[in-house]
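Q: Last residue of the sequence shown: 275 in my numbering, with the numbers rising by one and none dropped.
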Amino acid sequence: MDKSSQGIAEASKSIIKTLLGTDQANPHDSLFRDDIFETTCRKVADKNEIRVIRDITPLIVLFAQLLATYGAAELDCLIESMNEGWNNSIPLTGTHPQPDYSVGFKREALTDDQLEKLSPFIGNFLAGDQSFFMATYMMYFPFLKCEVKGGATALDTADRQNAHSMTLSVRAVIEPFRVVKREDELNRRGMAFSVPHDHLLIRIYRHYAVIDGKDTKLPPSHPRIFLCCSGWEGEMDGIPLHEERIRYLDASTLQTDLSSYQPAAVSLGLRRS
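1) Measuring CB atoms only, is the region 50–59 touching the region 20–29, in the sense that at least three cross pairs come out at less than 8 Å?
2) On the DSSP bridge list, what partners appear for residue 51?
3) Pull up the CB-CB distance for residue 184 and residue 212, whole angstroms please, since I reckon it's below 8 Å.
4) I'd like to confirm the pairing. Which residues does DSSP put opposite residue 226 in its beta bridges?
5) Whole angstroms are fine: how far does the CA of residue 205 sit from the CA of residue 140?
6) Determine the extent of the alpha helix (DSSP H) in which residue 150 is found, giving its start and end residues.
7) How would you call residue 278, buried or exposed, if buried means at least 16 neighbouring beta carbons within 10 angstroms?
8) Would you tell me roughly how many angstroms separate the C-alpha atoms of residue 94 and residue 37, rounded to the nearest one?
9) Can you tell me which of 107, 98, 172, 102 puts its alpha carbon nearest to the alpha carbon of residue 67?
10) So is the beta-carbon of residue 192 under 7 Å away from any non-hydrogen atom of the ligand ADP?
11) For residue 186, which of helix, strand or coil comes out of DSSP?
12) Please report the residue range of the alpha helix (DSSP H) in which residue 80 lies.
13) Buried or exposed: which applies to residue 173, given that a residue is buried once 16 or more other Cβ atoms fall within 10 Å of its Cβ?
14) Please determine if the region 76–84 and the region 217–226 are in contact, where contact requires at least 3 C-beta pairs separated by less than 8 Å.
15) Just verifying my parser: in three-state terms, what is the DSSP assignment at residue 63?
16) What residue from 87, 50, 202, 72 has the CA that sits closest to residue 280's CA?
17) Need the endpoints of the alpha helix (DSSP H) that residue 168 sits in, please.
18) Taking a contact to mean a Cβ-Cβ separation below 8 Å, would you say residue 145 touches residue 197 in this structure?
19) Can you tell me whether DSSP reads residue 124 as helix, strand or coil?
20) Could you compute how far the alpha carbon of residue 169 sits from the alpha carbon of residue 71?
21) Give the C-beta separation of residue 148 and residue 101 to the nearest angstrom, bearing in mind that I take them to be a contact with Cβ-Cβ under 8 Å.
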């Protein structure tokens, strides 16, 4: 699929610029400290994914639940998974995504009314029933995903993995809006992030959908690319993203009878190597 001629909406571009343009304090007492950063990068070169995840990932994609533990109370509604299969999702292919790291919403982030209206489509999630709205049995509406590669493994593989799982994430938001005929509000709006990286390069993608009636396409987006060993480039501030995402989950999107719910087909955009 070709890139959309219109691209992402201006409002979403503004959010991206804010996230990328906000000054961030350098982390203290970490492997990214100025005097040991080059040594850190040298030691993870040609190492496997587990080593890169241990040394590099926590300072590229800050872990939401750790931030909440350190006092970011607005992130308490989020839940993480690491190397867990999205077995409660309905996949596009025969294989469920299994991201190295992902973030979504806890069950407690939804109101009782929202859960009641979603329950016919969630089923017995503890028994493994699959849904458009869940990733794992504890995670609803996943919106951030990270894939890590080590050694000679190409990041293009991570891009393809992210394209699959982020299509499920965007679809999870669109479907409730489609039921109440408000899907146009999400047209070309960024609804998820993915961050593939290795020990050298970081790519940040903002995923969006082009909605034309019943036709929904997810065109490939161009990433913002950072050279990891050029120094600390700042964190992705989760608060604006969190606030935007909560707005999508407003109860008014579910104030309707969902008995006639019929999910629309979604066309996945993959970047050719």
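Positions of the beta carbon are idealized from the N, C-alpha and C atoms, including for glycine. Just so it is clear, the structure is predicted and the values come from calculations on it, not from any experiment.
A: Let me spell this out:
1) no
2) Answer by DSSP bridge pairing: none, since residue 51 is not bridged.
3) Not really, about 16 Å apart at Cβ, beyond 8 Å.
4) 206
5) 27 Å
6) Element bounds for residue 150: not the alpha helix (DSSP H) but the beta strand (DSSP E), 142–150.
7) The first residue shown for the chain is 3 and the last is 275, placing residue 278 beyond what the model contains.
8) 46 Å
9) 107
10) As presented, the structure is devoid of all ligands, the ligand ADP included, so that no description of it is given.
11) helix
12) First-last for residue 80: 80–83, but that is the beta strand (DSSP E), not the alpha helix (DSSP H).
13) buried
14) no
15) coil
16) Any property of residue 280 remains undetermined from this structure, which presents the chain solely from 3 to 275.
17) 157–181
18) no
19) helix
20) 30 Å
21) 7 Å
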